[in-house]
Amino acid sequence: MVSADGGAFALDSLAGDDQSEVTRRLSDKILAAFNHAYAVGEAATAKKLRQVLVDHEAEKGVPGDRRGNYNPLGHADLWVAFVEARNLYNSISEDKSAGQARLDKALTEMKDAYHLWSQV
């Protein structure tokens, strides 16, 4: 079975089986929804989901939270940077008057933004 964000999950995770190795933190699920909304241009929804993530992160110290230095808000910001770089690259690549140097620069910036996001 495949989750909405493209990741696989087991049927027992639907029933809330905490023993499942694929159980994800609520912040991970909110972040995945934010990432999707922002990537497809649903700015209002993404803004609301980011605020939900901010509110959720304000409640750190929940029993059983073992995430250490995990920072979903920072990860969300890196995703925004990647999507913005991707959008800029797409607009430059469609511009017939854009020079190759400008296109190459935008491609490098998009790759760099993706690399930063994917390393978290």
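Note that the numbering used here has the sequence shown beginning at 4, numbered continuously upward. Glycine residues also receive a C-beta, built at the ideal position from the N, C-alpha and C atoms.
Fewer than three beta-carbon pairs drawn from the stretch 87-96 and the stretch 46-64 are found closer than 8 Å, and the two stretches are therefore not classed as touching. The alpha-carbon separation between residue 105 and residue 44 amounts to approximately 24 Å. Under a 10 Å Cβ-count criterion, residue 57 is classified as exposed, with fewer than 16 other Cβ atoms of the shown protein chains found around its own Cβ.
In the three-state scheme derived from DSSP, where H, G and I count as helix and E and B as strand, residue 30 is classed as helix. Cβ-Cβ separation between residue 119 and residue 81: approximately 5 Å, consistent with a contact (criterion under 8 Å). Here the C-alpha atom of residue 33 lies approximately 18 Å from the C-alpha atom of residue 72. The Cβ neighbour count for residue 123, taken over all protein chains shown within 10 Å, is under 16; the residue is labelled exposed. For residue 97, the three-state secondary structure derived from DSSP is helix.
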